[in-house]
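Worksheet for the structure shown next.
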Amino acid sequence: MFLAHINALQASIFSSLAIVSLLLTFVMLGSHWLKNYVYAFAAQSWLIAALSASVGYFTGYRELYAIAALTALFRGLVLPMLLMRIVSRLNVKREIHAVLQPASSLVIGAFAVMFAFVIANHMNLQPPPAAHVVVLALTIMLSMKFLGFLMLAVRDEAISQILGLLVLENGIFLGSQILVPGMPLLIEIVILFDLLIVVACFGMLVRFLVIHAGTTSSRALNRLVG
Amino acid sequence: MELHLLTILLWAPLTAIILSLAVHRARIAEYATVLAAIIDLLVSIPLLRGTLRGSLVLLHGYCLIDTLGAWVVVCISVVYTLASIYAVGYMRLLDEQERLPLFYALFSGFAFTMLAACVMNNVGVFWITIELTTLISTFLVGFEQEAESTEAAWKYIVVVSGGISLALLGTVLFYWGGSFVLGPSYAMTWAALRSSAPKVYPPLLLVSFLLVLVGYGTKAGLAPMHTWLPDAHSESPAPVSAMLSGALLNASMLGIARFLGVVSGTSITRFAHSAVVGFGIFSFVLAALFIVRQNGIKRLMAYSSVEHIGVQALGLGFAGPLGIAGALYHMLNHSLNKSLMFFGAGNAMRAYQTKEISKIRRVLNTFPVSGTLWLLGALGIAGAPPFALFVSEFTILRAGIAGRFRWVAIVFVVVLIIVFIGFLAHFRAMYFDEELQSTERPLTLSGSGWRTVPMWLAFLPLLVLGLWWPHGLWQIFNKVFLDMGGAQ
Chain A
0 MFLAHINALQ ASIFSSLAIV SLLLTFVMLG SHWLKNYVYA FAAQSWLIAA
50 LSASVGYFTG YRELYAIAAL TALFRGLVLP MLLMRIVSRL NVKREIHAVL
100 QPASSLVIGA FAVMFAFVIA NHMNLQPPPA AHVVVLALTI MLSMKFLGFL
150 MLAVRDEAIS QILGLLVLEN GIFLGSQILV PGMPLLIEIV ILFDLLIVVA
200 CFGMLVRFLV IHAGTTSSRA LNRLVG
Chain B
0 MELHLLTILL WAPLTAIILS LAVHRARIAE YATVLAAIID LLVSIPLLRG
50 TLRGSLVLLH GYCLIDTLGA WVVVCISVVY TLASIYAVGY MRLLDEQERL
100 PLFYALFSGF AFTMLAACVM NNVGVFWITI ELTTLISTFL VGFEQEAEST
150 EAAWKYIVVV SGGISLALLG TVLFYWGGSF VLGPSYAMTW AALRSSAPKV
200 YPPLLLVSFL LVLVGYGTKA GLAPMHTWLP DAHSESPAPV SAMLSGALLN
250 ASMLGIARFL GVVSGTSITR FAHSAVVGFG IFSFVLAALF IVRQNGIKRL
300 MAYSSVEHIG VQALGLGFAG PLGIAGALYH MLNHSLNKSL MFFGAGNAMR
350 AYQTKEISKI RRVLNTFPVS GTLWLLGALG IAGAPPFALF VSEFTILRAG
400 IAGRFRWVAI VFVVVLIIVF IGFLAHFRAM YFDEELQSTE RPLTLSGSGW
450 RTVPMWLAFL PLLVLGLWWP HGLWQIFNKV FLDMGGAQ
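This is the structure:
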């Protein structure tokens, strides 16, 4: 368990990368513009790639370099490009009917992070200095879950919902690099692959929605109730 | 021997997919799918019998053939067989000849991912196969390409992917907990998680378990995470609804059952069982309320699925030999009965050209034979003897009364009566109410043989299993009980 003898330099590199990723989630939460979501997501993916590479460097798990390259390529380039294509094709530039204003969703997001911190604090049994990194990783894992679900709940546009799901996955990805760098590689590759398919599916579904329902806002999805 | 059976089990649907896509002829795709399904059913039974001698780990530790997994394989194969026969008759009515090979390829792909999930030994790969079932079945749900089915497919993929990502987080946390015991890098098998679980810090174990419970519970349709289910089940073509309800929910329950096995014998066992019972009874009560005032015929069936998945969760949560036996028996019976119900609903929907119960009247005049089977199936699914669901529900009830969940068992009985009345009231209206004056005559449908045979095939075992609980099944259920941690 390499976290048990982590040094100050490693701890600060991991923490800063993780915290900036969390801040980028707040950028997504606080913006109305679909383009900003995609840019923030791409930047977040690059940070996660950097994190994988640095964890790989410090722990000696060589496969983490491959994961870093794949993350940067797929989540940092291919997915954002696909999403940008959908955004430009759909001709929707911003969320029109957000359930919550950005300011209030930021406040709720902040509370979610605090709640995540409380849970994370209870789950940790490590002594410091490892405790700082462990609690931070757990907090970010859980809070990106909460923020992702918040985005799914308060945003209507199909693109925002896709990004909400991607944020859900990014949180797990980020935390697992720090907590369990030795987890078998297989999983990560398939998750990347999986996500690619998900977005392809979404691209198709978005098209269906435009054709059949005339809009990409999930607000129009109200036929099936009860 | 088992390796050969496993190879056949997984290659049969794969071959059907390849044939459907390569030859691209509707007739060949139909027959290939039916044949693959029958082969799977025939193979699954010796596979299950073999597991009584002990679990097997095959293919470099990636595949695990144990009694619990093999039992779910049998349930899935039964539904796959029934639904593929019904699909031949039903899908021809849709007038989509061009896209039929694609439909059957997806259909077999869906079956393949579910069957594969049951034999996965690696917890991460299990998660991936469950996620793959979502990806494939989304296209089946949206197959009719109408506004409603697209809406249902969208909700399905968003809600279920979001939910299942919680299960991934839970899995990662389980692995992290295990890494304190087994070292930083180890094979993530069910056995490894289980051996490390008693030594993991309890709050961590608790959060991990709750995450996987909510994650796989979303996929299994436990309330309050069931919101995708009525839409997806009601908007997909009838054979797909049967697969979603009869097979997919079981594959997801398998995840919950396996994780219950992982945490058995730890300090959180009691809490874990209570959590499963809590979700179970909540699903059951909520579904009952929606059943009573429902006007969509397939939505009625969908809420009945939420109800029955709740019953299975109750059985797993009550635990003990009776609870486990009841839950597993209920799984098979529900698969048979719900397939029968969706087949009948598909017939009625096509003939009356509506999904609304209030516009379906005098079913027996339109369908003398299959209508009778449908009505008897409705009695069965409402829990009336002598059908099999009565026996399994009664067993679960006994498990509940005997254990510490007596109050839950009492609520269970009361709500069961509400469901019985509510469900059958809809059927009384459809069968015996006066004919509506304004509506046009129901259509006469072709291919009734293909659609009636699977209804018989579902109905007869349902009656037999209701009258006679084979002794061999007790052995199977008892083996699963012991595998899941026994009386701890």
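So the sequences go chain by chain: A and B.
Per numbering that gives the first Met the number 0, the very first residue in the first sequence carries number 0; after that it's consecutive.
Per numbering that gives the first Met the number 0, the very first residue in the second sequence carries number 0; after that it's consecutive.
We treat Cβ as the ideally placed atom computed from N, Cα and C, and that holds for glycine.
| Item | Value |
| --- | --- |
| Proximal chain A residues relative to B/P236, where beta-carbon distance stays under 9 Å | None at all; the shortest Cβ gap to chain A is about 16 Å. |
| Exposed unless 16 or more other CB atoms sit within 10 angstroms - verdict on B/W505 | The question about residue 505 of chain B has no answer here: the residues shown for chain B are numbered 0 through 487. |
| Exposure label - B/G485; buried when at least 16 CB within 10 Å | exposed |
| Where A/P126 falls, given that 16 or more other Cβ within 10 Å makes a residue buried | exposed |
| Endpoints, the beta strand (DSSP E) within which B/V56 is located | L55 to L57 |
| Every unbroken alpha helix (DSSP H) within the region 248-307 of chain B, with a cutoff of 4 residues, ordered by chain | 248-262 and 268-291 |
| Neighbouring residues, chain B, relative to A/I171 (Cβ below 8 Å) | S164, L167, L168 and V171 |
| Start and end residues, alpha helix (DSSP H) containing B/L63 | From DSSP, B/L63 is part of no alpha helix (DSSP H) but of the beta strand (DSSP E) over C62 to I64. |
| Under 7 Å from the C-beta of B/L203: neighbouring residues of chain A | M122 |
| Own chain partners of A/A3 with C-beta closer than 8 Å, once the 5 adjacent residues on each side are dropped | Q125 and A129 |
| Whole-Å CB distance - B/I267 paired with B/P201, under 8 Å assumed | 6 Å |
| In chain order, each beta strand (DSSP E) run of at least 3 residues that lies wholly inside the region 137-174 of chain A | none |
| Residues that DSSP places opposite B/M119 in a beta bridge | B/C62 |
| Below-8 Å beta-carbon distance, B/G161 vs any chain A residue | yes |
| For B/T112, the nearest candidate out of B/L435, B/M242, B/Y89 and B/A86 (CA to CA) | B/M242 |
| Reduced DSSP secondary structure (H/G/I, E/B, other) of B/W468 | coil |
| Cross-chain neighbours of B/Y200 in chain A, by beta carbon under 7 Å | L124 |
| Cutoff 8 Å: B/W175 Cβ touching any chain A Cβ | yes |
| Three-state secondary structure (DSSP) of B/E355 | strand |
| Endpoints, alpha helix (DSSP H) assigned at B/L555 | With chain B covering 0 to 487 only, the question about residue 555 of chain B has no answer from this structure. |
| Endpoints, alpha helix (DSSP H) assigned at B/K218 | P201 to A219 |
| Contacting residues, own chain, Cβ-Cβ under 7 Å from B/E130 (five flanking each side not counted) | I163 |
| Supposed contact pair A/L164 and B/V213 - C-beta distance, whole angstroms, cut 8 Å | About 16 Å; that fails the 8 Å criterion. |
| Buried or exposed (CB count within 10 angstroms, at least 16 for buried), A/R88 | exposed |
| Cα-Cα separation between B/A350 and B/R397, rounded to whole angstroms | 42 Å |
| Element boundaries [alpha helix (DSSP H), containing A/Y60] | That residue, A/Y60, is in no alpha helix (DSSP H); it is neither H nor E in DSSP. |
| Bounding residues of the alpha helix (DSSP H) (the contiguous stretch that carries B/T226) | Run containing B/T226: none; DSSP gives neither H nor E here. |
| Distance between B/F342 and B/I380 (C-alpha atoms, nearest Å) | 14 Å |
| Burial state of B/L466, where buried means 16 or more other Cβ atoms lie within 10 Å | exposed |
| Exposure label - B/P469; buried when at least 16 CB within 10 Å | exposed |
| Min CB distance B/S334 to chain A below 8 Å | no |
| Any C-beta of chain B under 8 Å from that of A/E156 | no |
| The alpha helix (DSSP H) enclosing B/W10, as first and last residue numbers | E1 to V22 |
| Distance between beta carbons of B/A387 and B/L464, contact taken as under 8 Å | 4 Å |
| Closer than 8 Å to chain A by CB, B/P12 | no |
| Extent of the continuous alpha helix (DSSP H) run through B/K198 | Per DSSP, B/K198 belongs to no alpha helix (DSSP H) and is neither H nor E. |
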